[in-house]
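Below you'll find the structure, written out as structure tokens, and then a few comments.
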Amino acid sequence: MPHAPKPRIGLAMSGGAARGLAHIAVLKTLEEEGVRIHAIAGTSAGSVVGSMYCAGMPLSEIEHILVHAKWTDILKFTIPKQGFISSEGIFRFMEDILPINEFSSLPLPLAVVATDLKTAEKVVITSGSIAKAVQASCSVPILFTPTADVLPNKRRV
Numbered sequence: 023m024p025h026a027p028k029p030r031i032g033l034a035m036s037g038g039a040a041r042g043l044a045h046i047a048v049l050k051t052l053e054e055e056g057v058r059i060h061a062i063a064g065t066s067a068g069s070v071v072g073s074m075y076c077a078g079m080p081l082s083e084i085e086h087i088l089v090h091a092k093w094t095d096i097l098k099f100t101i102p103k104q105g106f107i108s109s110e111g112i113f114r115f116m117e118d119i120l121p122i123n124e125f126s127s128l129p130l131p132l133a134v135v136a137t138d139l140k141t142a143e144k145v146v147i148t149s150g151s152i153a154k155a156v157q158a159s160c161s162v163p164i165l166f167t168p169t170a171d172v173l174p175n176k177r178r179v
């Protein structure tokens, strides 16, 4: 009788700053219990934590960086055209902290979820710049300026 294949586990991480930190606690618990994550999908704060984890960063380092981040350096207010806060700081922050910059180099698969503001469709980003994808995912309309760069391999869902 053939053995059933071991299940593969994907983790979906949602948005919201408090949930972003809660995702770290969930990942710690899963690691402590020996549960291996095979892929992550995240939006907004979930894409921040998910990208760091998928890039192979230890949870202790992820937690330290996010708890001690100087948010005033990341979040710059703008004269409102399309948002009160420039999303460019999110891009620079992610570029600085991630040890891997491209989806294709990640040791663990990652999908970042964002919204196409022109069509209001959900898009799943799985290639190109991780920092640019996270920037797009965190660009909440009216609050953050939209990410203007075209993101490769956008899959409409």
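Per the numbering used here, the sequence shown starts with residue 23, numbered consecutively.
Even for Gly, the Cβ is constructed at its ideal location relative to N, Cα and C.
From a predicted model like this one, the values you see are computed outputs, not experimental measurements.
- Using a 10 angstroms sphere on the CB of Val89, the tally of other CB atoms stays under 16, which defines it as exposed.
- His86 is not a Cβ neighbour of Gly64, given a cutoff of 9 Å.
- In the same chain as Pro168, and ignoring 5 residues on each side of it, the C-beta atoms closer than 6 Å to its own belong to Gln104, Leu139 and Ser161, in chain order.
- In this structure, DSSP gives Met116 a helical state, which the three-state scheme calls helix.
- If you look at Val156, you'll find it in the alpha helix (DSSP H) that goes Ile152 to Cys160.
- Distance from the CA atom of Ser149 to the CA atom of Asn123, rounded to whole angstroms, is 10 Å.
- Counted as a single uninterrupted DSSP element, the alpha helix (DSSP H) harbouring Ile84 occupies residues Leu81 to His90.
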